[in-house]
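Undergrad:
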Amino acid sequence: MSHSYDIRVSNVTAKIPFPQEVLDKVIEIQTHYPEGKQKSALLPVLHLAQKQNEGWLSIPVMEYVAQLLNITAIEVFEVATFYSMYNLKPVGKYVLEVCRTGPCCLNGAEKAIEYIEKKIGCKVGETSPDKMFTLKTVECLGACGYAPMLQLGDSFVEFLTEEKIDTLLADLRSKA
Amino acid sequence: MASKKLLLEHIDVPGINTYDVYRQKGGYSSVEKALKSMTPETIVEEVKKSGLRGRGGAGFPAGMKWSFLAKPDGVPRHLLCNADESEPGTFKDRYLMEKIPHLLIEGMIVSSFALGANVSYIYIRGEYMWVSFILERAIAEAKANGFLGKNILGSGYDLELYVQVGGGAYICGEETALIESLEGKRGNPRMKPPFPAVKGLWQRPTVVNNVETIAAVVWILNNSGDDYAKIGVGKSTGTKLISASGNIKRQGVYEIDLGLPVDEFLNSDEYCGGMANGKRLKAVVPGGSSVPILPAELFYKTANGDARLMSYESLADGGFATGSMLGSGGFVVYDEDACIVRNTWNFTRFYNHESCGQCSPCREGTGWMLKVLHKLEHGQGSIQDIDLLWDIQRRIEGNTICPLGDAAAWPVASAIRHFREEFEWHVKNPKLCMERNYGLLESTKKFELVS
Ligand SMILES: Cc1cc2nc3c(=O)[nH]c(=O)nc-3n(C[C@H](O)[C@H](O)[C@H](O)COP(=O)(O)O)c2cc1C
Ligand code: SF4
Ligand code: FES
Chain B
4 MSHSYDIRVS NVTAKIPFPQ EVLDKVIEIQ THYPEGKQKS ALLPVLHLAQ KQNEGWLSIP
64 VMEYVAQLLN ITAIEVFEVA TFYSMYNLKP VGKYVLEVCR TGPCCLNGAE KAIEYIEKKI
124 GCKVGETSPD KMFTLKTVEC LGACGYAPML QLGDSFVEFL TEEKIDTLLA DLRSKA
Chain W
7 MASKKLLLEH IDVPGINTYD VYRQKGGYSS VEKALKSMTP ETIVEEVKKS GLRGRGGAGF
67 PAGMKWSFLA KPDGVPRHLL CNADESEPGT FKDRYLMEKI PHLLIEGMIV SSFALGANVS
127 YIYIRGEYMW VSFILERAIA EAKANGFLGK NILGSGYDLE LYVQVGGGAY ICGEETALIE
187 SLEGKRGNPR MKPPFPAVKG LWQRPTVVNN VETIAAVVWI LNNSGDDYAK IGVGKSTGTK
247 LISASGNIKR QGVYEIDLGL PVDEFLNSDE YCGGMANGKR LKAVVPGGSS VPILPAELFY
307 KTANGDARLM SYESLADGGF ATGSMLGSGG FVVYDEDACI VRNTWNFTRF YNHESCGQCS
367 PCREGTGWML KVLHKLEHGQ GSIQDIDLLW DIQRRIEGNT ICPLGDAAAW PVASAIRHFR
427 EEFEWHVKNP KLCMERNYGL LESTKKFELV S
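Line by line, the protein sequences give chains B and W.
Residue 31 in my numbering sits at position 28 of the first sequence, with consecutive numbering throughout.
Residue 153 in my numbering sits at position 147 of the second sequence, with consecutive numbering throughout.
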């Protein structure tokens, strides 16, 4: 179900206007739909907007998206609060989204979640003290046969083991 | 006997995800055949003859759905491919799109031609972002080679194909929610009628089909509907992709002839390879989290004692009292250590999380079930709670706008129906149930477990 918006964290962080190549992409996406149906671009454009804003959607960013698509701000809030991929508060540099649905649990998802919590020093739904990782649990990501698994940005990390989690966290820390 | 590979024949060919290799292997020949020697009507006829049923879960005959599409003058029509794939236990569409994306593109071209659609969309769940990039590249290649765009192969037929990413919501797999989402709105399912075939995307006539359904059309056109209908059993024609997961030796996506015995699918090395770690089978969810769970003894044999087959009819044999459904082919296997109460709680949490919130029976009912199941799972429940749970699920089923309500009710109903003793054991052993599963010892007394 939809999640609520926390007004206290609505400070501006995005660089508005977006860079030209992002604006070009927004225009390109709108060509996928007939005249007057540019609202259809909203979901893909929110993904782009989130990337421009350190992984989350602030109110000013959503208002800006509304302007870009020539729709009202409330239409954007409605959508952003409905879908689970849009983050409505700041997130860490990396968002680890571990699947916790039944089939993954049969192959150790719950243990993997506990292990990650221990390793990054925060609970599900929180951001690690060093602001490096946000840990989320998500529902079935279509990788049930490759469990346990997590989503990291645009990619999946599958068949998680303690060693694999250690390597992943170390890799990300060293890249940051 | 080995199953035929109509979809996955070339899946392991190196480079099959590229246009060149796909084309060398005979790819896009159905487009040539359809555009040069067939009419939309004859294609629909072939698909009808094939008996192909929707692979997204409901199993509605594809050809019949196509023939319902309204064709008012001057109103554009659309084909939408449902690549939202979010039913727990299901990962076959992703496998197909990731490995052999051109098969879906080819299917979209011939199917769009059959329906008279000039702009079609593949709606893919946002979490499959990287798969969307694979599809976009394949579309660009197909376009560069003249299979998309204006005047395809000089036939006068134009088609633009776009990939649309979702935002993370199981409900957008429901076809009218998918349409709402593609219109840039919340994924709230619409009341039917009107059906999408009459008023769908932007109020235009629309067909929504699953990835696998559309991919199957390619083989049907390359061969014939009659040949397709020869594979399988009865009204379960053709092959089906099964996503197998859980406590088995070989998890993965398998293409099977419909009608394969479940015993062979679970236990032969060609498919699941049997149970992992020498454990015994406790239960199977054969068609994705929404379909009823079957205890081992009802899984292998129907109530009449017939061997159960992987087909729409055989898996449903006995109705919900003793049967289940083929659904999306999300085949989840539970061994003796799995806790049915915990699994039911987990699935209910899923449906509660994914309910769009429009209808009270679904929104409130899934929340109540979740609370009661949470108590039971954590050793705080009573026997009356089990009856209450039964009562709540009964009031959801059939009383909602879309079938998500039913999908939330069925796993709960079937778990209580077949595993009531395990729920009662949780009530009677509040401490013990937090430490170990009923399945380890107790279930061996009650159920005849099959190895
Ligand atoms: C809650 C819910 C979720 C669904 N999810 C999917 C899905 O992820 N993929 C899919 O193809 N069909 C899904 N369906 C079924 C679609 O509504 C629709 O029947 C299907 O896409 C039609 O295609 P087909 O006839 O080719 O199966 C879902 C239905 C419901 C009620
Ligand atoms: S049944 Fe549930 S998901 Fe479907 S429309 Fe009603 S509230 Fe939404
Ligand atoms: S249950 Fe985790 S990916 Fe499906």
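Just so it is clear, CB atoms sit at the ideal spot from N, CA and C, and this is done for glycine as well.
As the structure is a prediction and not an experimental result, all values here were calculated from the model.
Are there 16 or more other CB atoms within 10 angstroms of the CB of I10/B, so buried, or fewer, so exposed?
TA: Unreliable positioning characterises I10/B in this predicted model, as indicated by a pLDDT of 41, which lies under 50. The coordinate reading is nonetheless provided below. With fewer than 16 Cβ atoms within 10 Å of its Cβ, I10/B is classed as exposed.
Undergrad: Counting contacts by CB-CB distance shorter than 8 Å, is H359/W in contact with chain B?
TA: yes
Undergrad: Does the pairing of the region 371–385 of chain W with the region 340–352 of chain W give three or more beta-carbon distances under 8 Å?
TA: Yes: the two stretches touch, three or more of their Cβ pairs being nearer than 8 Å.
Undergrad: May I have the straight-line CA-CA distance separating P47/B from Q33/B, to the nearest angstrom?
TA: So the alpha carbons of these two residues sit roughly 10 Å apart.
Undergrad: Can you have a look at Q390/W and say buried or exposed, based on whether 16 or more other CB atoms are within 10 angstroms of its CB?
TA: exposed
Undergrad: If you follow the beta strand (DSSP E) that I6/W is part of, which residue opens it and which one closes it?
TA: No statement about residue 6/W is possible, as the shown extent of chain W runs from 7 to 457 and does not include it.
Undergrad: Report the three-state DSSP secondary structure of D174/B (helix, strand or coil).
TA: helix
Undergrad: Mind checking the region 188–202 of chain W against chain B and listing, in chain order, the residues whose C-beta falls within less than 9 Å of any C-beta there?
TA: L188, E189, G190, K191, R192, G193 and N194
Undergrad: From what residue to what residue does the beta strand (DSSP E) around S158/B run?
TA: S158 to V160
Undergrad: For the putative contact between L60/B and Q41/B, defined by C-beta atoms under 8 Å, what is the C-beta separation to the nearest angstrom?
TA: Going by Cβ atoms, the distance from L60/B to Q41/B rounds to 19 Å, so no, they are not a contact pair.
Undergrad: Note down the Cα distance separating V64/B from L26/B, rounded to an integer number of angstroms.
TA: 14 Å
Undergrad: Is the region 119–129 of chain W touching the region 35–49 of chain W in the sense that three or more CB pairs, one from each, lie closer than 8 Å?
TA: yes
Undergrad: At a CB distance below 8 Å, what residues from the region 251–264 of chain W approach chain B? Give them in sequence order.
TA: Answer in chain order: S251, G252, N253, Q257, G258 and V259.
Undergrad: Just the chain B side, please: which residues come within less than 8 Å of Q170/W by C-beta, in chain order?
TA: H35, S43, L46 and P47
Undergrad: Using a Cβ-Cβ distance under 8 Å, would G95/B count as near chain W?
TA: no
Undergrad: At least one CB of chain W closer than 8 Å to the CB of V82/B: is that the case?
TA: Taking 8 Å as the CB threshold, V82/B lines the interface with chain W.
Undergrad: Helix, strand or coil for V101/B? Go by DSSP, reduced to three states.
TA: strand
Undergrad: Enumerate in chain order the residues of its own chain whose CB-to-CB distance from E165/B is below 7 Å, with the five nearest sequence positions on each side excluded.
TA: Y118
Undergrad: Kindly indicate if chain B contains any beta-carbon less than 8 Å away from that of L455/W.
TA: Low per-residue confidence applies at L455/W: pLDDT is 48, beneath 50, and the placement is therefore not dependable enough to give any value.
Undergrad: Compare the C-alpha of G329/W against each of P301/W, R192/W and V223/W and name the closest.
TA: P301/W
Undergrad: Should the region 74–85 of chain W be called in touch with the region 251–262 of chain W, which here means at least 3 C-beta pairs below 8 Å?
TA: Counting Cβ pairs under 8 Å, fewer than three are found: no touch.
Undergrad: Starting from T84/B, trace the alpha helix (DSSP H) in both directions and tell me its first and last residue.
TA: Note, T84/B: premise wrong, no alpha helix (DSSP H); not H, not E.
Undergrad: Would you say the beta carbon of L410/W is closer than 7 Å to some non-hydrogen atom of ligand 1?
TA: Yes, ligand 1 has a heavy atom inside 7 Å of this Cβ.
Undergrad: Any beta carbon of chain W sitting closer than 8 Å to that of E166/B?
TA: no
Undergrad: Around the Cβ of P367/W, are there at least 16 other Cβ atoms within 10 angstroms (buried) or fewer (exposed)?
TA: buried
Undergrad: Which residue wins for smallest C-alpha separation from V114/B, given the options T170/B, R103/B and G124/B?
TA: Position check: residue 114/B holds Lys in this sequence, whereas Val was assumed. Per the Cα distances, R103/B.
Undergrad: Please indicate yes or no: does the CB of A175/W lie closer than 7 Å to some heavy atom of ligand 1?
TA: no
Undergrad: At a cut-off of 7 Å, is L138/B close to ligand 3 when judged by its beta-carbon and the heavy atoms of the ligand?
TA: no
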